[in-house]
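Numbered by the numbering used here, the letters in the sequence shown go through residues 544 to 826 in order. Here a beta-carbon is modelled for each residue, glycine too, at the ideal position from N, C-alpha and C. Keep in mind the model is a prediction, meaning the values are calculated, not measured. Below is one structure, written out as structure tokens; the observations come after it.
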Amino acid sequence: MDIEEFANFLKNENKSTNTIKGYIADIRDYNKWFHETFSKDFTIIIRQDILEYKSYLQNIKRNNAKTINHKLSSLLKYNHYLVYKNIQKEIAIENNDKIKIQLQYASPTKVTETEVKQFLQSILESKNLRNYALMVFLAYTGLRISEALNIKMDDFDLDGKECIIRTGKGDKQRSVMLNSKVITAVKEYLKVRSNISTANGSNYLFVSRKNKKLDRTTVNRIFKKYSNSITPHQLRHFFCTNALEKGMLAHEVANQAGHSNIHTTLLYTNPDKKKLIDKMERL
């Protein structure tokens, strides 16, 4: 076991100092266990030894899954190093040796309905009807920011409460429904849209004074101006959670948000962490 050469190997892979320290600490822990078990240091990585070490970490040390997976990752990296140095030929650790962790135990939503309403109210009070219409659109349709900015004047029907969303190169599209909040905000914005210098020459719904289409950079600045936590993606998360809580079915939300996999939508059926704790306390 040559720790210094292994450290140099990691440096050549441009690993950070903290990452290298973590790898080395895990290798030393493994060697300590190996020495206590077999009265000698290890020289190569043997699969059976790794499985015994994993069992030791689980059942004796009672380490959590994240810690165990980190140690296995470090040993796998050392295994690659040994192969690179021609010290051994085989990779003894497999990806499925790691313990599966349920990462998404609660909804991805990080903002509350009250926070979103306060955010929208602040923009409304700024009297910028374009910004307000865009934010309401995002909060109550579940669109990606790129989809909202690509909406053209002939894509929506306010009387029919519907909007066509085109993705990719226009070869894919879906129809999303608009509620009264969105319709009212857009109608008010359309009254002043013609006052924006480039609006008359642009077919896009959301326009800027300098460009024919409002750009993502400008939108990001708007978000940062009015909130430290709400982002376009957080509004999308908020829509999915809010829609499900208000009674929409998973496949209906999936269509609105454009989820290609229903399992993505089902993540939002989980309560957020605070609500989950509150429910647990009721047991």
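What residue range does the beta strand (DSSP E) around residue i cover?
i, result
"R717", "K715 to M720"
"R759", "Per DSSP, R759 belongs to no beta strand (DSSP E); it is in the alpha helix (DSSP H), R759 to Y769."
"R709", "E705 to T710"
Quick check: what's the CA-CA separation for residue i versus residue j?
i, j, result
"E556", "R590", "25 Å"
"N545", "I644", "Checking the sequence, you will find Asp at residue 545 rather than Asn. Taking the straight line from one Cα to the other gives about 32 Å."
"I835", "E548", "Outside the shown range of the chain (544 to 826) lies residue 835, about which nothing can therefore be said."
"E795", "T812", "13 Å"
"A691", "M791", "21 Å"
"T807", "K628", "43 Å"
"P651", "F680", "20 Å"
"Y596", "S617", "13 Å"
"S669", "A793", "35 Å"
"G565", "I636", "18 Å"
"S501", "T761", "Past the edges of the chain, shown from 544 to 826, lies residue 501, and the structure says nothing about it."
"D758", "L819", "38 Å"
"T562", "I805", "36 Å"
"I739", "S665", "22 Å"
"S718", "K632", "55 Å"
"I765", "Y747", "19 Å"
DSSP three-state label for residue i, please.
i, result
"D584", "coil"
"K695", "strand"
"D494", "Summary: the structure shown does not reach residue 494, with the chain confined to residues 544 through 826, and so no result is reported for it."
"N798", "helix"
"M823", "helix"
"I688", "helix"
Figure out for me which residue from the options has the closest Cα to the Cα of residue i.
i, options, result
"I642", "L594, I567, K768 and R736", "L594"
"S723", "D702, R717, Q716 and K715", "D702"
"N763", "T774, A797 and K753", "T774"
"I630", "N738, N638 and I587", "I587"
"A800", "L721, F662, S745 and L826", "L721"
"M696", "S665, E668 and Y732", "Y732"
"N639", "S803, V654 and L619", "L619"
Where do the ends of the alpha helix (DSSP H) carrying residue i lie?
i, result
"N612", "A608 to Y627"
"V729", "S723 to R736"
"P651", "Taken as a continuous stretch (DSSP letters only), P651 belongs to no alpha helix (DSSP H), as it is neither H nor E."
"S598", "R590 to N602"
"Y683", "L672 to T684"
"K828", "A question about residue 828 goes unanswered here, because the residues of the chain that appear run from 544 up to 826."
"V497", "The shown model of the chain, from 544 to 826, leaves out residue 497, and the question about it has no answer."
"K554", "I546 to N555"
"Q777", "P775 to E788"
"V750", "Neither: V750 is in no alpha helix (DSSP H) and is coded neither H nor E."
Using a Cβ-Cβ distance cut-off of 8 Å, determine whether residue i contacts chain C.
i, result
"A691", "Protein chain content of the structure displayed is limited to a single chain, and chain C is not contained in it."
Is the region 773 to 788 touching the region 680 to 697, taking contact as three or more C-beta pairs under 8 Å? These segments touch.
Can you find at least 3 beta carbon pairs, one from the region 657 to 666 and one from the region 759 to 773, that sit closer than 8 Å? Segments in contact, yes.
For the region 671 to 682 against the region 720 to 736, do three or more pairs of beta-carbon atoms, one drawn from each stretch, fall closer than 8 Å, so that the two count as touching? For the pair of segments examined, the region 671 to 682 was found to touch the region 720 to 736: the number of CB pairs separated by less than 8 Å reaches three.
Using 8 Å as the cut-off, can you tell me whether the region 618 to 629 makes contact with the region 598 to 610, which would need three or more C-beta pairs spanning the two stretches below that distance? No, they do not touch.
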